[in-house]
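To keep things clear, I will list the structure first and then write my remarks on it.
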Amino acid sequence: MYGKTGYCWAEAGSVAENIQCPKILGKVYHSCSECKACFGKAVPDEFSELTMYFNALIGNMKKMVGAIQGNSVSLHEASGSLGGVSQHLASGVEQAAGRASTVAAASEEMSGNMNAVAAAVEEAAANLQMMSNATEGMSATIGEIQQAANTARGITSQAVGSAQEISSQVDQLGSAAQEIGQVTETITEISSQTNLLALNATIEAARAGEAGKGFAVVANEIKELARQTAAATGEIKQRIEGIQSASGATVGGIRKISEVISRIDEIVSTIAHAIDEQTNTMHELTSNIQQAGEGVGEVARNVGQTSAVSVEIAKDVAGLREATADISQGSDTVKDKAAQLRQLAEELKTMVSRFQLE
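Numbering-wise (our numbering), the sequence shown opens with residue 29 and increments by one.
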């Protein structure tokens, strides 16, 4: 029937495990007992029907027990594999927990180091700011010194010019005094000759007797004037010699002063040049300090970000440690359940082995 080797109701009908009868699938019959063509002829009475159902039950039980045996073996193997996997998972979780602890310690240490670095960077930034303020103050002071040096250079240049002018005037004074000395010498010679002429006139007046008395008086007066002129000329000569000596000493002193002022001017020029170089150096130093301050600020920001990241890492690692702890606990539970499942599979296998399928 329907190409089956046995009864159709047992292999394809309502009693079969997989119903294939088109009448039942088409809702023509609800059960093979309604079919008179096959079931009615093969099962004429109730005892035959009971025997048929019992045989079908035995067949189904054989299939069920066979399936249970296969499933119990698979369950036993799966429980063993599950136990191994849970044990491997527990080992991996333990290693992960250890590494998480190491990472947590490292992240905490890194966070501490970052905090220390941040503090050091902040201190360096403060020191750089102090240095920048100091260099700015030094630059201002050097600028004032440079201005004072330039003023000193102008004053020394004026002093050198004034000293040279005074030296020239004193030289002119010495020359004038020397010319006056020559004039006084001429006057002295004239007074000497006048005195000599007055003496000769006195002698001639004495020879003339009464007629030469008036001329003798005039000659005496001329002689007295010549004497006074000679005395005054001598005094003037002494004064002029004093002026010449003083002017010579003054010229020497002014020359020394000019030399000293020239040396001072050279020193001031050297100082001004050095101050110019120092000013340029201070400008470069200030610029470098500002750039270093900007770099330190950038480093501080990066360190702050790194410190924040390390804190986040520490939080994530703490969460990972909690998760690994939960996984470890879950793997232990799975391991226990796998052991229980394996024990149940053993018991089921033992129970099924009591049934004889053949």
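Ideal Cβ positions, reconstructed from N, Cα and C, are used throughout, including at glycine.
Contact under 8 Å by Cβ, residue i with residue j
i: T261; j: I215; result: yes
i: T184; j: I289; result: yes
i: V198; j: S315; result: no
i: A229; j: K241; result: no
i: T307; j: Q175; result: no
i: A205; j: I282; result: no
i: T212; j: I250; result: no
i: I14; j: I295; result: Since the first residue of the chain shown is 29 and the last is 386, residue 14 is not available in this structure.
i: I96; j: L369; result: no
i: K51; j: C63; result: yes
Residue from the options whose Cα sits closest to the Cα of residue i
i: A373; options: E105, L53, Q48 and Y57; result: E105
i: A16; options: I271, A153 and T298; result: Because the chain is modelled from 29 through 386, residue 16 falls outside the range shown and cannot be assessed.
i: I292; options: N178, T222 and V245; result: N178
i: A247; options: R283, Q266 and L227; result: L227
i: L313; options: Q157, V245 and T212; result: Q157
i: Q266; options: S59, I96, Q210 and C49; result: Q210
i: Q188; options: G54, Q357, E287 and T378; result: For the sequence presented, residue 188 should be read as Val rather than Gln. The candidate whose alpha carbon is nearest that of V188 is E287.
i: T309; options: K55, S167 and N330; result: S167
i: G280; options: G202, A351 and V327; result: G202
i: V337; options: Y57, G98, E294 and E136; result: E136
i: Q333; options: V56, A146 and T378; result: A146
i: Q140; options: V339, E326 and T163; result: Inspection of the sequence shows that residue 140 is occupied by Gly rather than by Gln. Closest by alpha carbon: V339.
i: G325; options: Q200, A148, I355 and A244; result: A148
i: T130; options: A367, A346, A351 and T361; result: A346
i: N160; options: V327, H311 and A244; result: One point to set straight first is that residue 160 is Ser, not Asn, in the sequence displayed. Answer by Cα proximity: H311.
i: R300; options: E172, C63, I86 and K55; result: With the sequence shown as reference, residue 300 is identified as Ala, and Arg is not the correct amino acid for it. Measuring from the Cα of A300, the nearest candidate turns out to be E172.
i: A353; options: Q123, K91 and I47; result: Q123
i: R329; options: T361, T163 and N143; result: N143
i: E343; options: G98, H58 and A133; result: Before going further, note that residue 343 is Lys rather than Glu in the sequence given. The option with the nearest alpha carbon to K343 is A133.
Collapsed DSSP secondary structure at residue i in the structure displayed
i: I47; result: coil
i: K241; result: helix
i: K91; result: helix
i: G202; result: helix
i: G31; result: Only weak support exists for where G31 lies, its pLDDT of 43 falling under 50; the value from the coordinates is given anyway. Correct three-state label for G31: coil.
i: C63; result: coil
i: V211; result: helix
i: V56; result: coil
i: T314; result: helix
i: A373; result: helix
i: M158; result: helix
i: A191; result: helix
CB contact check: residue i to chain D, cutoff 8 Å
i: I341; result: Although the question refers to chain D, the structure presented lacks it and comprises just one protein chain.
Cβ-heavy atom distance, residue i to the ligand SAH, below 7 Å
i: V145; result: Within the structure as shown, the ligand SAH is missing, as the structure has no ligands at all.
Inter-stretch contact (C-beta, 8 Å, three-pair minimum) for the segment 251-270 and the segment 216-228: yes
Meets three-Cβ-pair contact criterion under 8 Å: the segment 314-328 and the segment 148-156: yes
Three CB pairs or more closer than 8 Å across the segment 221-240 and the segment 182-196: no
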